[in-house]
Each structure stands twice: as structure tokens, then as C-alpha cells.
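Visitor:
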Amino acid sequence: MTSSHPTKRPTDAAHLDDRDVDLPTELLNLPWIDVHNHAHTLSWDDRERYALSGCRSMVMVSSGYHWTPYKPVRASDIRYLWDDAINRRAAIERNHFFEAKLGLGIHTGVRIENPDEVLEAMAGYCDLEEVVAIGETGVTPSQHVSSWDLDEQRAIVQSQMELADAHDLPVLLHTPNTSSDSGRSYRPELGTPGYEKNPGLGQEPVIDAENPALEATKIDVEAARDAGLDEERVVASHADGNNTEYLMEETDCYLSYTIGHSWLIGVDAADVADAIDEYGPDRIMIDTDCANVLRTDPFALKRAIFELYRYGIDVDAIRQVVLENPRDVFDIGQ
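Everything in the sequence shown is counted per UniProt numbering, starting at 1 for the first residue and increasing by one.
(1) Return the CA-CA distance between residue 376 and arginine 327, expressed in angstroms with no decimal places.
(2) Which of helix, strand or coil does DSSP assign to histidine 66?
(3) Comparing C-alpha positions only, which one of Ser63, Asp17, Glu196, Arg310 sits nearest to valine 131?
(4) In angstroms, rounded to a whole number, what distance separates the CA positions of valine 206 and threonine 108?
(5) For residue 338, which residues of its own chain have a beta-carbon under 7 Å away from its beta-carbon, when the five flanking residues on both sides are left out?
(6) Taking C-beta to C-beta, are tyrosine 65 and isoleucine 112 nearer than 9 Å?
(7) Mind checking which residues open and close the alpha helix (DSSP H) that includes asparagine 37?
(8) Just to confirm, is the Cβ distance from alanine 239 to alanine 269 under 9 Å?
(9) Pick out whichever of Leu16, Pro10, Thr68, Thr25 has its Cα sitting closest to the Cα of arginine 310.
(10) Check the DSSP bridge columns for threonine 137 and list the partner residues they point to.
(11) So what's valine 321 in DSSP terms, helix, strand or just coil?
(12) Based on Cα-Cα distance, which residue from His144, Glu210, Glu93, Gly280 lies nearest to histidine 40?
(13) Can you grab the Cα-Cα spacing for the pair tyrosine 186 / threonine 7, in whole Å?
(14) So, is asparagine 177 buried or exposed, given that buried needs 16 or more other C-beta atoms within 10 angstroms?
(15) For the beta strand (DSSP E) that lysine 101 lies in, which residues bound it at each end?
(16) Can you give, in chain order, each stretch of the beta strand (DSSP E) that sits fully within the stretch 276-304 and has at least 3 residues?
(17) Going by beta carbon distance, what residues of the same chain come within less than 7 Å of glutamate 48, once the five residues before and after it are set aside?
(18) Rank Val315, Leu264, Thr217, Phe306 by C-alpha distance to the C-alpha of arginine 184 and give the top, closest one.
(19) Between the alpha carbons of proline 10 and aspartate 17, how many angstroms are there, rounded?
(20) If contacts are defined as beta-carbon pairs under 8 Å, then proline 170 and alanine 216 qualify, I think. What distance do you get, rounded to the angstrom?
(21) What span of residues does the beta strand (DSSP E) with leucine 255 cover, start to end?
(22) Report the residue from Tyr195, Val118, Gly228 whose alpha carbon sits nearest the alpha carbon of histidine 167.
(23) How big is the Cα-Cα spacing for serine 147 and valine 110?
(24) Could I get the ranges of all uninterrupted beta strand (DSSP E) runs contained in the stretch 183-242, with 3 residues as the minimum, in chain order?
(25) Ordered along the chain, which non-local residues of its own chain (more than five positions away) have a Cβ less than 6 Å from that of leucine 119?
(26) Please report the Cβ distance between valine 35 and serine 256, rounded to the nearest whole angstrom; I am assuming they are in contact, meaning their Cβ atoms lie under 8 Å.
(27) Below 8 Å on the Cβ atoms is my contact criterion, and I expect glycine 333 with isoleucine 33 to pass it. Report the Cβ-Cβ distance as a whole number of Å.
(28) List the residues that DSSP assigns as beta-bridge partners of arginine 74.
(29) What residue range does the beta strand (DSSP E) around valine 157 cover?
(30) Only counting the same chain, and skipping five residues up and downstream in sequence, which positions put a Cβ closer than 6 Å to that of arginine 303?
(31) From the DSSP secondary-structure annotation, give me the bridge partner or partners of histidine 144.
(32) Report buried or exposed for tyrosine 125, applying the criterion of at least 16 other Cβ atoms within 10 angstroms of its Cβ.
(33) Thinking leucine 102 and valine 59 are a contact (beta carbons under 8 Å), I'd like their distance in whole angstroms, please.
(34) Whose C-beta lies closer than 8 Å to the C-beta of proline 199 among residues of the same chain, with five residues either side of it excluded?
(35) For valine 315, which residues does DSSP report across the bridge?
(36) Since arginine 47 is in the alpha helix (DSSP H), which residue starts that stretch and which ends it?
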């Protein structure tokens with residue numbers, strides 16, 4: 001074989017097929033939307049990484065019990081979290097140029113005292129232009145520090161879904177992830193490196209079922225139906241192999257796969273590609289769930305765009321998953 005290159009000996013290039021590869025360079029500049037993160041808790045540099053990698057818009061979720069130092073949490077603590085995000089949102093947009101909208105909700109990962117008080121206040125927040133979703137919320141099998149009765153959780157979740165229906169807002173569900181199993185556990189007194197949470201304070205599950213995580217998701221869907229909320233207004237974040245089949249085949253909900261901390265929950269772009277192959281792109285999204293209590297990657301969604309193409313997903317499907325579906329459901333990134 002005679003090489004056309006002036007190399008001393010043949011290189012890999014001499015053995016490559018002469019066919020031109022039609023690379024999708026449009027993916028380099030494809031804008032994308034992150035429908036679930038906690039970017040208001042991140043550093044300025046982390047938010048700038050979102051901007052540098054092409055983020056067009058995001059939903060910053062302020063309903064997280066991680067940031068309240070008190071357990072159980074009170075209604076006033078939840079209001080503080082909402083107000084803090086509202087207070088800082090416009091400055092975040094000005095600093096980083098992407099659109100920053102909000103998701104406000106009552107997370108059931110820890111018991112909240114006097115939840116009716118914050119529910120009564122929520123209607124006023126739903127009228128704010130910057131609020132584009134209720135959530136994250138949803139029944140949680142077990143709580144941090146103090147257990148929350150299953151019936152009470154369901155009532156709180158359904159009340160939020162009724163508000164969402166009344167205000168024409170989508171609901172962002174926290175579907176319990178089954179997580180990856182590395183085969184080994186860390187010392188219980190140390191917890192999981194990269195996740196600043198004391199696992200020793202976790203409570204016994206309040207859901208008595210063979211598959212508590214899936215059962216919680218099913219209860220959420222039932223609550224949406226009882227609330228009269230269109231299932232197409234429900235986005236199940238943290239979708240995984242444990243709930244994809246149920247959500248895709250027995251509901252009309254959207255699924256959002258969280259790929260910002262794959263090291264912890266075991267979901268990555270390959271799982272998204274598999275779901276697109278199996279069910280098509282029409283009801284699929286991706287989110288990062290980046291937060292300051294986790295080792296997360298603000299570049300994760302941009303990386304996933306390239307990974308999906310490498311896994312064989314076509315450009316139109318990628319665009320639908322990372323831009324068009326979020327834009328249509330949350331009415332952002334226009």
C-alpha cells in the first residue's frame with residue numbers, strides 16, 4: 001500500500017475508508033433546555049459552564065429540603081427557599097444570558113410541619129411569570145429524619161397537582177430512583193462521597209411494597225388523575241429502568257432522564273438512547289439535577305447530545321429531546 005501522506009511509514013490514516021463521514025456539526029451549536037436543576041445553589045462558575053455549553057433555558061427547582069438546616073421542615077422554611085430563588089433569578093439571567101425560570105413545590109423527602117400553610121400561599125406564587133412548573137414533588141418511600149405518613153404525602157402531592165391544573169402549569173415529579181449497585185457499600189458513618197447527606201438519618205419506608213420506588217410513581221400518577229391533571233402535563237424526572245416501562249406503556253406522562261450525576265444513580269446517555277429506540281423521542285427529555293449537595297456536572301447535558309449521536313440517535317430526535325419537548329411542555333426557550 002502506498003501512502004499519499006509524507007509519513008515515514010503507513011499510519012492509521014492510510015487504512016481508513018475513503019468515504020466521507022457526514023458529521024453533524026449543527027450539534028456543536030444546538031441550544032438545549034435543562035428542565036430540572038438547582039442551579040441557584042451552584043457557584044457562579046458552574047452556572048457559567050451551563051452558558052458556555054449552550055444552555056438556552058432552565059427550570060431551577062427551589063423545592064429541596066437539603067437547604068433547610070431544620071428538620072422537620074416548617075412551612076416558613078419552604079417559603080424561604082422559594083423567595084430566595086425568586087430574589088436571585090433575574091441576576092442569574094443577567095449574569096449568564098440563559099433564561100432562568102422556576103419550579104416551586106413541596107418535596108416530601110422530609111416531613112413538613114403545617115404543610116397546609118404553604119399550600120395556601122402557593123396559589124399566589126403560581127401566578128408569577130417566572131414560575132413555569134410546580135415541583136419537584138411526589139410521594140417518597142422514606143424520609144430524612146422524620147417519617148411522613150403515606151396518606152398525608154399523597155394528599156399534599158394531589159393538592160399541588162390540583163393547583164397545577166388550575167394554573168395551567170406542568171408538574172415536575174421526583175420519581176424515586178433505584179440507583180446503581182456497585183456491589184460494595186461505604187462505611188455508614190461516612191455516607192457516600194460526593195453526596196452531602198447523612199444516610200444514618202434515613203427513616204424506614206412508609207410504603208410496604210415489593211418495589212417501593214415504582215409504587216410511589218404509580219401513586220403519583222393516580223393522584224394526578226384524581227386531581228384532573230392531564231398526564232401530558234406531568235414530567236417524571238429521574239426516570240430509570242425501574243419505571244420507564246410503566247410510564248411509557250400505562251401513562252401519557254413525559255419522562256426526563258437525570259444524567260448530571262450518573263456515578264450515583266447509574267443513568268446515562270445510553271439509557272436515554274435505549275428509551276428513544278424503544279419508544280421514540282416524543283415524550284423524552286433530559287435533565288442534570290445539578291445541585292450543591294452533589295458532585296454533579298453542568299456539562300452533562302451537552303455531553304449527552306454528542307453521546308446520543310454516537311449511540312445512533314439521529315439529529316432530529318436529539319433536537320426534539322433536548323429542545324423541542326421541554327420548550328413545548330414548559331413554554332420556555334422560545
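All C-beta atoms in this analysis are idealised placements derived from N, C-alpha and C, irrespective of residue type, glycine included.
Guide: Walking through what the data contain:
(1) Not covered by the structure: residue 376. The range shown for the chain is 1 to 334.
(2) Counted from its first residue, the sequence shown places residue 66 at position 66. Reduced to three states, the DSSP call for histidine 66 is helix.
(3) Position 131 of the sequence shown, counted from the first residue, corresponds to residue 131. It is Ser63 whose Cα lies nearest to the Cα of valine 131.
(4) On the sequence shown, residue 206 is found 206 positions in, with the first residue counted as 1. On the sequence shown, residue 108 is found 108 positions in, with the first residue counted as 1. So the two alpha carbons sit approximately 12 Å from each other.
(5) No statement about residue 338 is possible, as the shown extent of the chain runs from 1 to 334 and does not include it.
(6) In the sequence shown, counting from the first residue as 1, residue 65 sits at position 65. In the sequence shown, counting from the first residue as 1, residue 112 sits at position 112. In this structure, isoleucine 112 lies closer than 9 Å to tyrosine 65 by Cβ.
(7) As a first step, residue 37 is located in the sequence shown; it is residue number 37 there, counting from the start. Here asparagine 37 belongs to no alpha helix (DSSP H); instead the beta strand (DSSP E) covers 32-37.
(8) As a working note, residue 239 is residue 239 in the sequence shown. As a working note, residue 269 is residue 269 in the sequence shown. Cβ atoms of alanine 239 and alanine 269: not closer than 9 Å.
(9) Walking along the sequence shown from the start, residue 310 turns up at place 310. For arginine 310, the nearest C-alpha among the options comes from Thr25.
(10) For this step, residue 137 is matched to residue 137 along the sequence shown. According to DSSP, which records beta bridges pairwise, threonine 137 is partnered with Leu173.
(11) Start at 1 with the first residue of the sequence shown, and residue 321 comes out as number 321. Of the three classes helix, strand and coil, the one that applies to valine 321 here is helix, per DSSP.
(12) Here residue 40 is taken as the residue at index 40 of the sequence shown, counted from 1. With distances taken between Cα atoms, histidine 40 lies closest to Glu93.
(13) For the purposes of this step, residue 186 is taken as the residue at position 186 of the sequence shown. For the purposes of this step, residue 7 is taken as the residue at position 7 of the sequence shown. If you draw a straight line from the Cα of tyrosine 186 to the Cα of threonine 7, it comes to about 52 Å.
(14) Sequence index remark: in the sequence shown, residue 177 carries index 177 (1-based). With 16 or more Cβ atoms within 10 Å of its Cβ, asparagine 177 is classed as buried.
(15) Translated into the one-based positions of the sequence shown, residue 101 becomes position 101. For lysine 101, the enclosing beta strand (DSSP E) stretches over residues 99-104.
(16) 284-287
(17) The residue you call residue 48 lines up with position 48 of the sequence shown. Within the same chain, glutamate 48 has close Cβ partners His96.
(18) Here residue 184 refers to the residue found at position 184 of the sequence shown. Looking at the Cα atoms, Leu264 is the closest of the given residues.
(19) For the purposes of this step, residue 10 is taken as residue 10 along the sequence shown, with counting starting at 1. For the purposes of this step, residue 17 is taken as residue 17 along the sequence shown, with counting starting at 1. Taking the straight line joining both Cα atoms gives about 14 Å.
(20) Along the sequence shown, one-based indexing puts residue 170 at 170. Along the sequence shown, one-based indexing puts residue 216 at 216. With 8 Å as the limit, proline 170 and alanine 216 do not qualify as a contact, their Cβ atoms being about 19 Å apart.
(21) Taking the sequence shown and counting its residues from 1, one reaches residue 255 at position 255. Taken as a continuous stretch (DSSP letters only), the beta strand (DSSP E) holding leucine 255 covers 254-258.
(22) Looking up residue 167 in the sequence shown gives position 167. Histidine 167 has its Cα closest to that of Gly228, out of Tyr195, Val118, Gly228.
(23) Taking the sequence shown and counting its residues from 1, one reaches residue 147 at position 147. Taking the sequence shown and counting its residues from 1, one reaches residue 110 at position 110. Distance between the alpha carbons of serine 147 and valine 110 is about 7 Å.
(24) Annotation note: the stretch 183-242 contains the following uninterrupted beta strand (DSSP E) runs of length 3 or greater, listed N- to C-terminal: 234-237.
(25) Numbered from 1 along the sequence shown, position 119 holds the residue referred to as residue 119. Contacts found: Ser159.
(26) Here residue 35 refers to the residue found at position 35 when the sequence shown is read from its first residue. Here residue 256 refers to the residue found at position 256 when the sequence shown is read from its first residue. At roughly 6 Å, the Cβ-Cβ gap stays under 8 Å, so valine 35 and serine 256 are in contact.
(27) Translated into the one-based positions of the sequence shown, residue 333 becomes position 333. Translated into the one-based positions of the sequence shown, residue 33 becomes position 33. Contact flag correct, Cβ pair sits at about 5 Å.
(28) Walking along the sequence shown from the start, residue 74 turns up at place 74. Residue pairing of arginine 74 in beta bridges, as defined by DSSP: Glu113.
(29) Stepping through the sequence shown from its first residue, residue 157 is reached at position 157. First-last for valine 157: 150-166, but that is the alpha helix (DSSP H), not the beta strand (DSSP E).
(30) Residue numbering aside, residue 303 sits at position 303 when the sequence shown is read from its first letter. The answer is none, since no qualifying residue turns up.
(31) The count along the sequence shown starts at 1 and reaches residue 144 at position 144. Paired residue(s): Gly202.
(32) Translated into the one-based positions of the sequence shown, residue 125 becomes position 125. Tyrosine 125 comes out buried.
(33) Sequence index remark: in the sequence shown, residue 102 carries index 102 (1-based). Sequence index remark: in the sequence shown, residue 59 carries index 59 (1-based). At roughly 7 Å, the Cβ-Cβ gap stays under 8 Å, so leucine 102 and valine 59 are in contact.
(34) The sequence position of residue 199 within the sequence shown is 199, counting from 1. When the five nearest sequence neighbours on each side are left out, the beta carbons in the same chain lying within less than 8 Å of the beta carbon of proline 199 are those of Pro188, Gly191, Thr192, in order along the chain.
(35) As a position in the sequence shown, residue 315 is number 315, starting the count at 1. Answer is none; valine 315 lacks a bridge partner.
(36) As a position in the sequence shown, residue 47 is number 47, starting the count at 1. Here the alpha helix (DSSP H) through arginine 47 covers 44-52.
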